[in-house]
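Only one structure is covered here, and it is reproduced in the block below.
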Amino acid sequence: MIISLGGHELLQKFGHVSNTSISTFLQIISNIIIRSVIQRIIRSIFWGAIVDESTDVSNESQFITYVRFIENGEIIILFLDIRPLGSDGQTALNLHKTFIGIAQSYDLNIAFLARMCFDGAASILGIKTGLVTRIKSDFPEVGPTHCVAHRFNFASEYSINSEDVIELKYAENMCLTLWKFFPLLQRKPHYQQKPTLENKLNKQS
């Protein structure tokens, strides 16, 4: 960023490299990007949300939100927010509270939320108290969509465990076994010195 503004001379004179300074600069850049994203969503009026909950490497539950909107006739998907779910975890009530908090913190009007995309977790998709059900109780126009990639993954797992593809699984396992065997074979000196079948045929001809 400094190089693009003034070249290497500014970079040599730039001394604010403490953790506090760098964190502040990153936060400023983040705020600028977020403001730009929000302005684009507001201009689009209607928007959609792609949400998921996951556990990070520190075993802390996180709530991830992407936004989808139309801009100049094209569908745009952008990352919006990730935040910890805290001690309440991945319960439907906490997911609902977190999502509402995200919308409010970015001044996004849920009345203009057209669709929500999600995985098949019960806390999100649950018919009685799931996140989508809670939102639809206040905004019935919101359309739910189960993630196509997630459904495809379910279908693939179901298909691969079907009795109709046992022979295919056997062939796959055999190929994987051979694939692991040949690299080991090439490292053995006895086989490296032995001429290949192709060389033998060339000599005979």
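Numbering of the sequence shown is given in our numbering, commencing with residue 79 and proceeding in unit increments.
Built from N, CA and C at the ideal position, the CB exists for glycine as well.
Beta-carbon gap between residue i and residue j smaller than 7 Å
i: L158; j: T143; result: yes
i: F196; j: V129; result: yes
i: G179; j: S139; result: no
i: L191; j: V226; result: no
i: S201; j: A170; result: yes
i: M252; j: P222; result: no
Same chain only: Cβ atoms within 7 Å of residue i, ignoring 5 sequence neighbours per side
i: G198; result: H224 and H228
i: A189; result: F217
i: G204; result: A170 and T211
i: I119; result: W125, V145, F147 and L186
DSSP three-state assignment for residue i, whether helix, strand or coil
i: Y184; result: coil
i: I154; result: strand
i: Q140; result: strand
i: F124; result: coil
i: T133; result: strand
i: C253; result: helix
i: I205; result: coil
i: T176; result: helix
i: T223; result: strand
i: F147; result: strand
Sequence-distant residues of the same chain with beta carbon closer than 6 Å to residue i, five excluded per side
i: K206; result: none
Distance cut-off 6 Å: residue i Cβ against heavy atoms of the ligand NAP
i: I112; result: Absent from the structure shown: the ligand NAP. Ligands present: none.
Unbroken beta strand (DSSP E) run spanning residue i, endpoints
i: L191; result: L191 to F196
Beta-carbon proximity list for residue i, same chain, < 8 Å, skipping 5 on both sides
i: T133; result: S139 and Q140
i: G208; result: A170, A200, S201 and I202
i: I160; result: Q140, F141, I142 and T143
Would you call the segment 174-190 and the segment 204-221 touching, i.e. three or more CB-CB distances under 8 Å?
-> yes
Does the segment 131-150 come close enough to the segment 98-113 to have 3 or more Cβ pairs within less than 8 Å?
-> no
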